[in-house]
Amino acid sequence: MTDKEITPQPVSEVVVNDDQLICALTNQIKKATDKELALQSMIGMLTEEYGFSTEQLERDYAVRYEDPDGGRARTKRVELAVFEAGRPHDTATLIRVVAVREPKVKPEDRNNGVEASLEAVLSYTDCEFGCWTNGEDLQYMHVTENEYNQVIVLPIDDFPGEGQTLEDLEHQNERTRPRKPANDSLVKTFHRCHNYLYGNEGRKKDAFWELLNIIFTKMYDEKRRYLVSRRGESYRRHFWVGPTERHTPEGQARVAERIKGLFDEMKASDIYKDVFDEHDHISISDTGLAYIASELSKYSFLDATVDVKGTAYETIVSNTLKQEAGQFFTPRNVIKCMVEMLDPDENTRILDPACGSGGFLVGALDHVRRKMVERMYDDLDPVHREQKLSDPEIDQRVANYAHRMVFGFDFDPDLKKAARMNMVMAGDGHSNIYNLNSLDYPDGTLDDVREVAPRVLESIAESADRGFAFERSDDNAQGRFDMIFTNPPFGSNVDVAPQIAEKYQGAGHINGSAPEVVFIEACYNFLKPGGRMGIVLPDGILGNPNHEPTRRWILEHFRLLASVDLPVETFLPQVGVQASLLFLQKKTAAERMVPMDQEDYDVFMAIVEKVGKDRRGNPVYLKDEDGADLLFNTERQWLSYNASGHEIVRTRRTREKRLADDLPAVAAAYRQFLNDHQR
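Count along the sequence shown from 1, then add 5; that gives the number in this note's numbering.
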């Protein structure tokens, strides 16, 4: 069954400026204020999460009602109104109202806060539910009667979607499957939770870790769905919060008992026992835990895409684990480009020797996941194929791949934990994240050093390359990886200890203790002959005369596959560095015998001018010759379900801006380059 929701196409002559957008509901030009952006986000939530059709929605609607005090007719304008399906848009058919305010307006504001915006409409019309947002806070209200038959408006944690009632939310929480987050919903939810812990629980130092403990309890509860089904048991959610539970001390206590018990069960489980320590616990108040749990319980993390989860996770990681000593997070579009260019599959053993919070590893897992789905479900349409990305069978295959083939090292123990948690969100590859100094390996005093080689040997025993003639002894993991993705720490503030630098006789020896140079040789050591790597390097290595010996060493030991020059905006506003992406393949012994001046092969080279943002991190869009933002006809499809549980493919057509980002085109051009040279 397919339900097409088509909005009229605007004329092609429409011009949109930098500070404008096209409304997803009306296709009209609107000024891109913070309030308008919040309203657009709510349109996406109402249609994609709650299941309302665009025909049920109207923006800037004047609700008419009669004030019982004096019987005067009054009007209250709401930013979004939702009406009964197939009925005329009037106050009698109104079923939801949404008030959208500026970011500076607080929920308790006397004139524009929650009560001032919603109470009259809910009290004096037949509409039962309202929502208030300032773009960050999100609060819901419900009209009911007290024991004296008086109409009262009370807070709730959510309102029902299309075809649902409040009783559905109240009585079926254990069985109801939470919804798939739309657009930026999960990012905003993580923000709200983190800010609550920081501001209301006094957790200025450990708000991030407290939040992660609760997030992973939620993840564990979702994964229980598969664990209990294998035992032939029925699944009931433990991580849920009733619509009114968090608003009473008794309800808060019930939620806290439920969530803390689940956390203790998770710590002892085979899945996560190596992620958490015995002393780890949820230590926030019952009030705080009920709030966080109510926010998170609305969404299905397993059904959310890796991009959505990754963006939400990295948002709080980057704000919490501020990188020092030259380390910084690699932008997601750079990761995606690098992974697509090297194109790993289920037989690729991957390492990031400076994994940070795990961005490259998560990107590689997502790439392999999508290749699995394309291969196994090539007969499905794009909407249903997208749904298969979170299919239990695919989840298990990804988990098996991650357990066998994906490895990450980092010197910072906090980043080890952050990377493990990021990998769990992406596909349970947490077991191969180690706290060690990659430059000092196979030496070093950290406990994880001893665990790496046995685990890599197990990986080889289960993999297609188990018959490969590896050059190193079995007590050393070097020389055994097919692919490396990394953004090593570099800069004038980062030095490699002399006792470590002196171990390197090649590139590292040539240019002293510069970490980026030593890392090149370290990666060479970890790769097996024929193995490939993508590495972020400062441009000085590629152009500075002082680095000519380094470049010679690289060409002696690697085949140069590709070089991609990045603009300075790439890593801003985190840090201003001029860097490039270098793609290399470790030469075999036979290839090393060929003199460099006799080598003859083609190299892919590209210069990236735009990366989708400016120096301040603001998005930059494709423009026409006159400098106006270009608009593209866009069809967005998603799966929804009607009141009877039947599947519906919903469609919304709009005209949207597109980021001015050259990186996807670079990855596509490299694939074409490879195809042309394989003929």
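Cβ atoms here follow ideal geometry from the backbone N, Cα and C, with glycine treated the same way.
Q. Using 8 Å as the Cβ pair cut-off and three pairs as the minimum, do the stretch 243-250 and the stretch 445-459 touch?
A. no
Q: Output yes or no for whether 7 Å exceeds the beta carbon distance between residue 84 and residue 44.
A: yes
Q) Under the three-state reduction of DSSP, which class applies to residue 146: helix, strand or coil? A) Residue 146: strand per DSSP, three-state reduction.
Q.
Applying the 10 Å Cβ sphere with the 16-neighbour rule, what's the burial state of residue 363?
A. buried
**Q.** Own chain partners of residue 67 with C-beta closer than 7 Å, once the 5 adjacent residues on each side are dropped
**A.** 80, 82
Q) Who are the Cβ neighbours of residue 379 in its own chain at under 8 Å, not counting the five residues just before and after it? A) 390
Q.
Can you confirm whether residue 622, when its beta carbon is compared against all beta carbons of chain C, has any partner nearer than 7 Å?
A. In the structure shown, chain C cannot be found, because there is only a single protein chain.
Q. Does DSSP classify residue 636 as helix, strand or coil?
A. It is coil, neither helix nor strand.
**Q.** Delimiting residues of the beta strand (DSSP E) encompassing residue 358
**A.** No beta strand (DSSP E) holds residue 358; DSSP gives it neither H nor E.
Q. For the beta strand (DSSP E) that contains residue 368, what are its first and last residues?
A. Not the beta strand (DSSP E): residue 368 falls in the alpha helix (DSSP H), residues 364-381.
Q | Distance between residue 576 and residue 40 (C-alpha atoms, nearest Å) | A | Near 28 Å, if we compare the C-alpha coordinates of residue 576 and residue 40.
Q. Would a C-beta distance cut-off of 7 Å place residue 2 and residue 416 closer than the cut-off?
A. Outside the modelled stretch of the chain, which goes from 6 to 684, sits residue 2, for which no answer is possible.
Q) Apart from the five residues on each side of it in sequence, which residues of its chain come closer than 8 Å, Cβ to Cβ, to residue 304? A) 183, 184, 185, 186, 190, 191, 194
Q. How about residue 311 and residue 466: are their beta carbons less than 7 Å apart?
A. No Cβ-Cβ contact shorter than 7 Å links residue 311 with residue 466.
Q: Evaluate residue 503 with the Cβ neighbour count: other Cβ atoms within 10 Å of its Cβ, from every protein chain shown; 16 or more gives buried, anything less gives exposed.
A: exposed
Q: Answer with buried or exposed for residue 406, where buried requires no fewer than 16 other C-beta atoms within 10 angstroms of its C-beta.
A: buried
Q: Determine the direct distance from the alpha carbon of residue 275 to that of residue 602, and round the result to whole angstroms.
A: Spanning the two alpha carbons is a distance of roughly 55 Å.
Q) Is it buried or exposed for residue 483, if we count other Cβ within 10 angstroms and need 16 for buried? A) buried
Q. Are residue 112 and residue 119 closer than 7 Å when you measure CB to CB?
A. yes
Q) What are the residues that DSSP puts in a beta bridge with residue 520? A) DSSP output for residue 520 lists no bridge partner at all.
**Q.** Bounding residues of the alpha helix (DSSP H) (the contiguous stretch that carries residue 268)
**A.** 254-273
**Q.** Sequence-distant residues of the same chain with beta carbon closer than 8 Å to residue 294, five excluded per side
**A.** 219, 257, 260, 261, 264, 265, 287
Q) Which residues bound the alpha helix (DSSP H) around residue 558? A) Element bounds for residue 558: 553-562.
**Q.** Span of the beta strand (DSSP E), counted from its first residue to its last, around residue 588
**A.** Looking at the DSSP string, the run of the beta strand (DSSP E) that includes residue 588 is 584-591.
Q | Residues that residue 103 bridges to, as DSSP identifies them | A | 85, 136
(Q) I'd like to confirm something about residue 55: is its beta-carbon nearer than 6 Å to some heavy atom of the ligand PLP, or not? (A) You won't find the ligand PLP in this model; it holds no ligand whatsoever.
Q | Alpha carbon of residue 150 to alpha carbon of residue 96, nearest angstrom | A | 20 Å
Q: Mind reading off the beta-carbon distance from residue 56 to residue 167? Whole number of angstroms is fine, and I expect it under 8 Å.
A: 4 Å
Q: Could you have a look at residue 539 and say whether DSSP puts it in helix, strand or coil?
A: strand
Q | Other residues of its chain near residue 69: CB distance less than 7 Å, five sequence neighbours each side excluded | A | 78, 80, 96
Q. Roughly how many whole angstroms lie between the Cα atoms of residue 653 and residue 642?
A. 10 Å
**Q.** Bridge-paired residues (DSSP) for residue 160
**A.** 146
Q: May I have a chain-ordered list of the alpha helix (DSSP H) segments no shorter than 4 residues that lie completely inside the stretch 24-50?
A: 39-49
Q | residue 440 - containing beta strand (DSSP E), residue span | A | 438-440
Q | residue 345 versus residue 473 - alpha carbon distance | A | 26 Å
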